[in-house]
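Note sheet for the following structure.
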């Protein structure tokens, strides 16, 4: 079950990175959104960390 959570987080990070790179390709001025991308990536990582902590608590 924990692997599914980590897989979901990895897919989410990949999709965010892909969308950001596409935006940079279309509009070079989109580089100013890097701070927002980092915040979104951190939110995705928090879900994986919460799943990990939940697995430790349940075990």
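In this note's numbering, the protein residues as written are 21 to 79.
C-beta atoms are modelled at their ideal positions from N, C-alpha and C, and glycine is treated no differently.
Being a predicted model, the structure only gives us computed values, none of them experimental.
DSSP, read as helix, strand or coil, puts residue 79 in coil. With a 10 Å radius around the Cβ and a threshold of 16 neighbouring Cβ atoms, residue 29 comes out buried. Shown here for residue 37: not one same chain residue has a beta carbon closer than 7 Å to its own, the five before and five after excluded. Distances from the CA of residue 27 to each of 42, 41, 65 and 49 were compared; the closest alpha carbon is that of 65.
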